[in-house]
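S.K.: Numbering (the working numbering), first residue to last: 36 to 164.
1. Out of 93, 49, 144, state which residue places its alpha-carbon closest to the alpha-carbon of residue 71.
2. State the Cα-Cα distance for the pair residue 63 and residue 98, rounded to the nearest angstrom.
3. What's the call for residue 156, buried or exposed, on a 16-neighbour Cβ count within 10 Å?
4. Could you tell me the distance, in whole angstroms, from the CA atom of residue 36 to the CA atom of residue 151?
5. Taking DSSP as the reference, what is the three-state secondary structure of residue 56?
6. Which runs of the alpha helix (DSSP H), 4 residues or longer, sit entirely within the region 99-126?
7. Return the chain-ordered list of same chain residues with a C-beta closer than 6 Å to the C-beta of residue 136, the five sequence neighbours on each side being excluded.
8. Which whole runs of the alpha helix (DSSP H) in the region 128-159 are 4 residues long or more, in chain order?
9. Excluding five sequence neighbours on each side, which residues of the same chain lie with their C-beta closer than 8 Å to the C-beta of residue 44?
10. Under 8 Å by Cβ, that's how I've got residue 77 and residue 55 pegged, so tell me the actual separation to the nearest angstrom.
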């Protein structure tokens, strides 16, 4: 199990330049320092409307309205709205999660990260015979 080094992990994911989409949300970590949340996902595999409503908006609202630090556990317990999410700490699995269509949320002040299942499910209408 590899421990998460936030800066190295983010730099590695961005350098790969695959089809990853990233989003950075800055926040105050309570010690007069700015910290960051990084979201990674593949837009073609992700339900972006659900991602925006259930994760991005609540995180941005929380980070802009409070000076309290946020970590992965706090986000899962009281900020994001997702029923299919879990905490992980093995940095070696991050890329695998992203490639399988999951959203990965990294915190600069936490060794744990969040994996959320917002896989896009394509549906076709059934035509009449």
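Idealized CB from N, CA, C, for every residue including glycine.
M.R.: The answer reads as follows:
1. 144
2. 7 Å
3. exposed
4. Confidence at residue 36 is low in this model, with a pLDDT of 45, below 50, so its placement is unreliable and the value that follows should be read with caution. The alpha-carbon atoms of residue 36 and residue 151 are separated by roughly 20 Å.
5. strand
6. 107-113
7. 80, 154
8. 129-134
9. 126, 129, 141
10. 6 Å
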